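Trainee:
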Amino acid sequence: AHSFAVPLPSEDKDDLLLAEKYLRRFYGLPAGLQGRQRSSVAFQSKIKEMQKFFKLKVTGNLDDNTLDLMKQARCGVPDIGE
Amino acid sequence: YNHFPRNLKWQNNEVTFRILNYTPDLKKTDVDRAVRNALNVWSDVTPLTFKKLHQGNADIMISFGSKEHGDYNPFDGPNGLLAHAYPPGQGIGGDTHFDEDEHWTKDSSAYNLFIVAAHELGHALGMSHSADPGALMYPVYSYTTGYPLAEDDIEGIQALYGPNPNPRKVKPKPDAPNKCDPMLSFDAVTELRGETIIFKDRFYWRLHPQMPEPEQTLIKSTWPSIPNKVDAAYENPEKDVVMIFSGIRMWALNGYNLVDGYPKYIHKLGLPKKIRKIDASVYIRDTGKTLLFTDEDYWSYDEATGTMDSGYPRSIEEDFPGMDDEIDAASYHYGYLYFFHEHMQYEYSYTSRKVIRIMRTNSILNC
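Protein chains in written order, with the numbering used here: chain A, 1 to 82; chain B, 83 to 449.
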């Protein structure tokens, strides 16, 4: 079948992996294969949780400000959850 | 502030701690002092006391390790994760680990051990992360000087343990200002490469045309070398420089960087020695002049020649009818001057030489 899927540029992929790892560690994003992360409901809801916590604009999208914050040096204790 | 689920805390106010190993970045005595000072931050405001053990099992076991270091919660090399700690409890409860792949210092040149230790020991005592960017328990690292606890931190720890029965006078940091506080006033406003920067207390808000929600950040986490309090600021776009005024000094910033040779005294601009503070400043792009407001007067500085125009100071009230009060901050957009005074801002039209609109100061912050 003809696919319209196009490979993500490597930088996007890195950012996506960083975001996934960040949300898993600090916001309890469930581990395991999530398919296309950006579109999954769980991924977006965890981004919203993180944006709400840091008082960023709650969009559910991996925008620049959200990514900038994920890249800042920080404490390893989760922000939310057990 | 937040606590851990079930408000985990130590049942006994006498908590023991032990330092299992040391980072080679600092002298052993520096690490001991950083940890002791970090514990004192919390004992100052609670009934808690901390006893150091040199062997055996203590409530809080402190160690330095890199990558996987024994708790299946690995660190990640330089930057990123700096440290972590476990909430009060048996076994690993209370234990505090620092990432040895970081460079630990006693100053602001790298990660300050005292500040990170004070944060992590907050976790070891039962504090979870705070969403207040000015709080010590805010998850992102930021170097600050002075007493590290904010009111938010003190309320949180005292909700678990109560206050210190013999309090020593400590001056907590005020919490981050609330942008929609109807009585909010600004310290200074400036443009910076297409964004608007609004200074208030130790913080600034950053407004970007594509970013409807202002972002609040500690001044020192972006510009460690400028003071915690800004009186006035303006951008000279031709030179790509933002001037920051605080007291009798001024700083020139080029993006994140401090321009060499600064700070300088404000009198270098041609202000008389009796002027000790600038209330507000604004660069008028159409004339190439910068207006500097002090009390009831203002000055005009010619950016091209680097000299103060003659015939100043002049009266604000006379030259800007309708503005008969002191000015906290000022900005200029497309022929309109915006004067901020306490919780109101006045839109002044240069062409019609009058105030044409009055709004709340924080309407610029979408409130």
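For every residue, glycine included, the Cβ atom is placed at its ideal position computed from N, Cα and C.
The structure presented is a predicted model; accordingly, all values stated were derived computationally and were not measured.
(1) Between the Cα of B:Asn318 and those of B:Tyr83, B:His349, B:Lys282, B:Leu274, spot the shortest distance and give me the residue it belongs to.
(2) Give the list of continuous beta strand (DSSP E) stretches no shorter than 3 residues that lie fully inside the segment 286-341 of chain B.
(3) Select from the segment 134-162 of chain B all residues with a C-beta closer than 8 Å to any C-beta belonging to chain A, and list them in chain order.
(4) Where DSSP assigns a beta bridge to B:His423, which residues make up the other side?
(5) Nearest to B:Arg115 by alpha carbon, out of B:Asp177, B:Thr369, B:Ala200?
(6) Quick one: is B:Asn122 buried, meaning 16 or more other Cβ sit within 10 Å of its Cβ, or exposed?
(7) Less than 8 Å between the C-beta atoms of B:Gly417 and B:Tyr428, yes or no?
(8) For the candidate residues B:Trp333, B:Glu295, B:Asp322, B:Lys321, whose alpha-carbon lies nearest to that of B:Asn310?
(9) Does any CB atom of chain A fall closer than 8 Å to the CB of B:His185?
(10) Should B:Asp269 and B:Ala411 be called a contact, given that it needs their Cβ atoms to be closer than 8 Å?
(11) What does A:Asn65 touch in chain B if you count any residue whose Cβ is under 8 Å from its own?
(12) Contact between the segment 208-219 of chain B and the segment 250-263 of chain B is defined here as three or more beta-carbon pairs at a separation below 8 Å; is this criterion met?
(13) Run through the DSSP bridge pairs and tell me what B:Asp153 is partnered with.
(14) Smallest Cα separation from B:Ala315: which of B:Pro264, B:Thr372, B:Tyr83?
(15) Restricting to Cα atoms, I'd like to know which of B:Asp406, B:His415, B:Thr128 is closest to B:Pro249.
(16) Look at the alpha carbon of B:Glu424 and the alpha carbon of B:His85, and state the distance between them as a whole number of angstroms.
(17) Note down, in chain order, each residue of its chain lying with its Cβ closer than 8 Å to the Cβ of A:His2, except the 5 sequence neighbours on either side.
(18) Roughly how many angstroms separate the alpha carbons of B:Asp407 and B:Thr376, rounded to a whole number?
(19) Nearest to B:Val364 by CA position, among B:Glu399, B:Leu419, B:Arg396, is which residue?
(20) Indicate the three-state DSSP secondary structure (helix, strand or coil) for B:Ala362 in the structure shown.
(21) Any beta carbon of chain A sitting closer than 8 Å to that of B:Glu277?
(22) With 16 other CB atoms within 10 Å as the buried threshold, where does B:Glu96 fall?
Mentor: Reading off the structure:
(1) The count along the second sequence starts at 1 and reaches residue 318 of chain B at position 236. Among B:Tyr83, B:His349, B:Lys282, B:Leu274, the Cα nearest to that of B:Asn318 belongs to B:Leu274.
(2) 293-300, 314-318, 323-328, 331-336
(3) Asn155, Phe157, Asn161, Gly162
(4) What you label residue 423 of chain B is simply residue 341 of the second sequence in a count that begins at 1. Paired residues: B:Met426.
(5) Within the second sequence, the letter at position 33 stands for residue 115 of chain B. Checking every option, the nearest Cα to that of B:Arg115 belongs to B:Ala200.
(6) Taking the second sequence and counting its residues from 1, the one referred to as residue 122 of chain B is at position 40. It is exposed - the Cβ of B:Asn122 has fewer than 16 other Cβ atoms within 10 Å.
(7) Taking the second sequence and counting its residues from 1, the one referred to as residue 417 of chain B is at position 335. Taking the second sequence and counting its residues from 1, the one referred to as residue 428 of chain B is at position 346. No, Cβ-Cβ distance for B:Gly417 and B:Tyr428 is not below 8 Å.
(8) In the second sequence, the residue the question calls residue 310 of chain B occupies position 228. Checking every option, the nearest Cα to that of B:Asn310 belongs to B:Trp333.
(9) Along the second sequence, read from residue 1 onward, the residue named residue 185 of chain B stands at position 103. No - not a single Cβ of chain A is within 8 Å of the one on B:His185.
(10) Translated into the one-based positions of the second sequence, residue 269 of chain B becomes position 187. Translated into the one-based positions of the second sequence, residue 411 of chain B becomes position 329. Yes; because the gap between Cβ atoms is below 8 Å, this pair is in contact.
(11) Numbered from its first residue, the first sequence carries residue 65 of chain A at position 65. Under the 8 Å cutoff, chain B gives Met293, Glu297.
(12) yes
(13) The sequence position of residue 153 of chain B within the second sequence is 71, counting from 1. Bridge partners of B:Asp153: none, in fact.
(14) The residue you call residue 315 of chain B lines up with position 233 of the second sequence. Taking only the C-alpha atoms, the option nearest B:Ala315 is B:Thr372.
(15) The sequence position of residue 249 of chain B within the second sequence is 167, counting from 1. Among B:Asp406, B:His415, B:Thr128, the Cα nearest to that of B:Pro249 belongs to B:Thr128.
(16) Here residue 424 of chain B is taken as the residue at index 342 of the second sequence, counted from 1. Here residue 85 of chain B is taken as the residue at index 3 of the second sequence, counted from 1. Approximately 36 Å between the Cα atoms of the pair.
(17) As a position in the first sequence, residue 2 of chain A is number 2, starting the count at 1. The predicted position of A:His2 is uncertain, since its pLDDT is 46 and thus under 50; a value taken from the coordinates is nonetheless stated next. Nothing meets the Cβ criterion.
(18) Taking the first residue of the second sequence as position 1, residue 407 of chain B is located at position 325. Taking the first residue of the second sequence as position 1, residue 376 of chain B is located at position 294. If I take the Cα positions, the gap works out to 11 Å.
(19) One-based indexing of the second sequence puts residue 364 of chain B at position 282. Cα-wise, what sits closest to B:Val364 is B:Leu419.
(20) Working through the second sequence from its first residue, we reach residue 362 of chain B at position 280. Three-state result, B:Ala362: strand.
(21) Numbered from its first residue, the second sequence carries residue 277 of chain B at position 195. Closer than 8 Å: no.
(22) Locating residue 96 of chain B in the second sequence gives position 14, counting from the first residue. Its Cβ having fewer than 16 others within 10 Å, B:Glu96 is exposed.
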